[in-house]
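**Q**
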Amino acid sequence: MFRQMKHQKPQAAPLSKGDPWRFLEFCNLPENQRLLCLVTLVTCFVPRIAHPAIHVSGCQGSGKSMFTSLWKTVIDPSSVLLSTMPRKPEDLDLLLVRYYGLVLDNLSALSGDTCDRLCSYITGGAIEKRTLHTDLETTILKSNSVIFFSSIGSLHSRPDLTERSIVFELQRITDAARADESEVREGFQAALPEILGGVFELLARAMEIFPTLKLPRLPRMAGFAKWGYAVAEALGGRGDEFLRDYAGNSTIQTGALLERDTFFAAIVQAMDDPGIGELRGSFHEVLLILSEVAAPGEAKNGYRTLERDRTFPSARGFRKHLERIRMPLEGMDIGFTIDDQRTSRGKAFVTFYKQGQAVTGGQEPF
Numbered sequence: 002m003f004r005q006m007k008h009q010k011p012q013a014a015p016l017s018k019g020d021p022w023r024f025l026e027f028c029n030l031p032e033n034q035r036l037l038c039l040v041t042l043v044t045c046f047v048p049r050i051a052h053p054a055i056h057v058s059g060c061q062g063s064g065k066s067m068f069t070s071l072w073k074t075v076i077d078p079s080s081v082l083l084s085t086m087p088r089k090p091e092d093l094d095l096l097l098v099r100y101y102g103l104v105l106d107n108l109s110a111l112s113g114d115t116c117d118r119l120c121s122y123i124t125g126g127a128i129e130k131r132t133l134h135t136d137l138e139t140t141i142l143k144s145n146s147v148i149f150f151s152s153i154g155s156l157h158s159r160p161d162l163t164e165r166s167i168v169f170e171l172q173r174i175t176d177a178a179r180a181d182e183s184e185v186r187e188g189f190q191a192a193l194p195e196i197l198g199g200v201f202e203l204l205a206r207a208m209e210i211f212p213t214l215k216l217p218r219l220p221r222m223a224g225f226a227k228w229g230y231a232v233a234e235a236l237g238g239r240g241d242e243f244l245r246d247y248a249g250n251s252t253i254q255t256g257a258l259l260e261r262d263t264f265f266a267a268i269v270q271a272m273d274d275p276g277i278g279e280l281r282g283s284f285h286e287v288l289l290i291l292s293e294v295a296a297p298g299e300a301k302n303g304y305r306t307l308e309r310d311r312t313f314p315s316a317r318g319f320r321k322h323l324e325r326i327r328m329p330l331e332g333m334d335i336g337f338t339i340d341d342q343r344t345s346r347g348k349a350f351v352t353f354y355k356q357g358q359a360v361t362g363g364q365e366p367f
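Heads up, the sequence shown is in my numbering, so the first residue is 2 and it goes up one at a time.
(1) Count Cβ pairs between the region 190-202 and the region 131-149 that sit closer than 8 Å; are there 3 or more?
(2) In whole angstroms, what is the alpha-carbon distance linking residue 31 and residue 140?
(3) Could you check whether residue 42 and residue 76 sit closer than 9 Å to each other, using their CB atoms as the reference points?
(4) In terms of residues, what are the limits of the alpha helix (DSSP H) holding residue 107?
(5) Do the region 67-74 and the region 17-31 touch if we need at least three Cβ pairs shorter than 8 Å?
(6) If you draw a straight line from the alpha carbon of residue 25 to that of residue 203, how long is it in whole angstroms?
(7) Give the list of continuous alpha helix (DSSP H) stretches no shorter than 4 residues that lie fully inside the region 30-107.
(8) For residue 86, which option in 105, 207 and 74 has the closest C-alpha, if you only look at C-alpha atoms?
(9) So, for residue 88: in the same chain, excluding its five sequence neighbours on each side, which residues have a beta-carbon less than 8 Å away from its beta-carbon?
(10) Taking C-alpha atoms, which residue in 92, 284, 109 and 276 lies nearest to residue 118?
(11) Taking one C-beta from the region 238-253 and one from the region 277-285 each time, how about it: are there three or more such pairs within less than 8 Å?
(12) Do the CB positions of residue 231 and residue 210 come within less than 9 Å of each other?
(13) Note the first and the last residue of the continuous alpha helix (DSSP H) segment covering residue 321.
(14) Helix, strand or coil for residue 9 per DSSP?
(15) Expressed to the nearest angstrom, what Euclidean distance is found between the alpha-carbon atoms of residue 186 and residue 72?
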């Protein structure tokens, strides 16, 4: 059950009647994200649930690396606080097994394959590898790691990973407010026993509350959301506030998706443009409209003008990409229907509509 790694360091001895809020004294975090941060920190100690990936973004000098390294110090003290994204997928598997808190620092982008791989890890996918010196035997490694990213901007355009993530946005630290790194770490180590004691006492109260919870609705990452609610209730009845903050965090991520996904952004813009009218037609016809929205004046070449943009699909990949962004579109109050028997040539026909509006043509939304 227990595997000791060379990089691991002993955990600080927690003090009773500690204060978990002291963790935020060392973080450059805006006030409206502090409750979500503390609750997420405490839930990192809950085993056997899917933990959301934690994406810390901000401009240069906003304290991203310090923030993630201090978080890792609390949940997984180690001689290696920050890691880089390995080039080989199998090396990422190894890192996830070696570290409970894996901080992938200073990233520029995440590929689609990496996003899919991380989604599998987050929701409990096992790592299976061929056992050395055998042909058919495999070794199964399970990881329940908490994954951190830090970057200046958004990293990907995959809504499935977005739904499994929480974003914390940091602002640049002014020169007057900036402190020496060694002094910050020294002060944090001195406060760590009190922080840990407060975290564990808070978690103990949440464990008493958790069995009694009966929430009418749960968002994605339901296990984390339910435990988060229990932790927030233990903070003085702030469970509903936590759920609002957690739901509101998706708004930040939708904004990032608008920046990176040309197809998604074009649909949102087209639905808000009264000059376009109804957004409906065959896949090819809709793509021609969206290509003019995304690249005005270039529609004479059709959507092929955007063929180098991997987020803008061809007619063949239209349905797959549209299904991928279904939930972010619903978050923008946009729905769609696809009728596979609508056109005389048997081509699929898609209709976009604002949520709550009737869908013409007798086709019910699904």
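Virtual Cβ for every residue (Gly too), placed ideally from N, Cα, C.
**A** This is what the structure gives:
(1) In this structure the region 190-202 does not lie against the region 131-149, because fewer than three pairs of beta carbons, one per stretch, are closer than 8 Å.
(2) Cα atoms of residue 31 and residue 140: separation of roughly 44 Å, rounded to the nearest angstrom.
(3) A distance below 9 Å separates the beta carbons of residue 76 and residue 42.
(4) The continuous stretches of alpha helix (DSSP H) do not include residue 107, which lies in the beta strand (DSSP E) extending over residues 102-108.
(5) The count of Cβ pairs closer than 8 Å, one atom from the region 67-74 and one from the region 17-31, reaches three, so the stretches are in contact.
(6) Residue 25 and residue 203 have their C-alpha atoms roughly 15 Å apart.
(7) Runs found: 35-44, 65-76 and 90-99.
(8) Nearest option by C-alpha distance: 105.
(9) Closer than 8 Å at Cβ, skipping near neighbours: no residue.
(10) Closest by alpha carbon: 92.
(11) With contact defined as three or more Cβ pairs closer than 8 Å, the region 238-253 and the region 277-285 are not in contact.
(12) Closer than 9 Å, so yes.
(13) From DSSP, the alpha helix (DSSP H) with residue 321 extends over 319-325.
(14) Correct three-state label for residue 9: strand.
(15) In this structure, the straight-line span from the alpha carbon of residue 186 to that of residue 72 is close to 12 Å.
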